[in-house]
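My numbering numbers the first residue of the sequence shown as 38 and each following residue consecutively. Glycine is no exception: its CB is placed at the ideal position from the N, C-alpha and C atoms. The structure under discussion appears below in the form of structure tokens.
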Amino acid sequence: MLIKTAEFTLSSPMVSMCPKDTKPEYAFIGRSNVGKSSLINMLTQKKNLAKTSATPGKTLLINHFLINREWYLVDLPGYGFAKRSKKETQKLDQMIRGYILGRDQLVNVFVLIDIRLEPQAIDLEFIDWLGTSGIPFSLIFTKADKLSNMKAKQNVDNYAKKLMETWEELPPYFITSAEKGTGKDDVLDYVEQINKTVSVNPSH
Numbered sequence: 038m039l040i041k042t043a044e045f046t047l048s049s050p051m052v053s054m055c056p057k058d059t060k061p062e063y064a065f066i067g068r069s070n071v072g073k074s075s076l077i078n079m080l081t082q083k084k085n086l087a088k089t090s091a092t093p094g095k096t097l098l099i100n101h102f103l104i105n106r107e108w109y110l111v112d113l114p115g116y117g118f119a120k121r122s123k124k125e126t127q128k129l130d131q132m133i134r135g136y137i138l139g140r141d142q143l144v145n146v147f148v149l150i151d152i153r154l155e156p157q158a159i160d161l162e163f164i165d166w167l168g169t170s171g172i173p174f175s176l177i178f179t180k181a182d183k184l185s186n187m188k189a190k191q192n193v194d195n196y197a198k199k200l201m202e203t204w205e206e207l208p209p210y211f212i213t214s215a216e217k218g219t220g221k222d223d224v225l226d227y228v229e230q231i232n233k234t235v236s237v238n239p240s241h
């Protein structure tokens with residue numbers, strides 16, 4: 038898939054305020070500082086589409102970007118940011134869960150994982166929650182340029198082993214680098230495949 042247009046549409050504090058549209062939506066989520074904004078900018082080839090920040094935990098709203106006037110890329114707040122108050126964390130958690138469970142247009146959640154780290158409990162818990170909630174999802178391993186190919190593969194294999202302790206089969210996964218553009222075509226081709234199976238109604 039070639040991305041010809043990518044435009045910011047709306048930031049919403051809750052699912053009920055998201056765009057009134059029937060186009061398919063692909064949500065991107067991960068722990069704070071996993072490289073989500075950089076990945077979104079790499080996929081869309083727009084340097085500042087998603088705001089990259091030196092301060093993790095900046096995304097506090099549900100951000101919709103319309104891609105090729107056909108589907109939405111949805112940038113969700115990161116989870117597991119230590120410097121938030123308990124109240125703020127709960128509020129964000131409710132917003133994220135409200136969107137994921139309540140948005141009919143959502144066809145896939147991309148969960149971003151830092152390829153350099155050992156499997157983190159917070160990611161595994163979130164993945165298990167998606168599974169038990171019956172939400173289609175895929176994994177995107179980020180920052181692959183920070184490791185050798187061999188080490189990257191080893192870390193992904195370790196992750197797969199960890200998942201197989203609770204899962205019967207692995208979700209689709211992609212290895213990416215925002216720096217080098219690695220994995221861009223794989224992720225976008227996957228979106229295109231899903232788009233062909235869901236009916237895309239023109240917006241009213």
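Residue range A43 to S49 is occupied by the beta strand (DSSP E) that includes L47.
Distance from the Cα of M201 is smallest, within the candidate group D165, K180 and K73, for D165. For Y116, the closest of L149, N105 and T234 by C-alpha to C-alpha distance is L149. A distance of 8 Å or more separates the beta carbons of D160 and K217. When C-alpha distances from N232 are compared across E62, K180 and T46, the shortest belongs to E62. In this structure, the CA atom of F211 is about 27 Å from the CA atom of T46.
The count of Cβ pairs closer than 8 Å, one atom from the segment 218-232 and one from the segment 183-194, stays below three, leaving the stretches out of contact.
Short of 6 Å from the beta carbon of S48, and not among the five residues preceding or following it, lie these beta carbons of its own chain, in chain order: L98 and N100.
Only exposed fits P173, as fewer than 16 other CB atoms lie within 10 angstroms of its CB. Per DSSP, the continuous alpha helix (DSSP H) segment holding I137 begins and ends at K123 to G139. Rounded to the nearest angstrom, the Cβ distance from P156 to K188 is 15 Å, too far for a contact under 8 Å. Between S74 and the set F102, D58, N145 and V52, the nearest pair of CA atoms involves F102. Comparing C-alpha distances from I66 to each of V235, L167 and D223 shows the shortest one belongs to L167. G72 counts as buried, since no fewer than 16 other beta carbons sit within 10 angstroms of its beta carbon.
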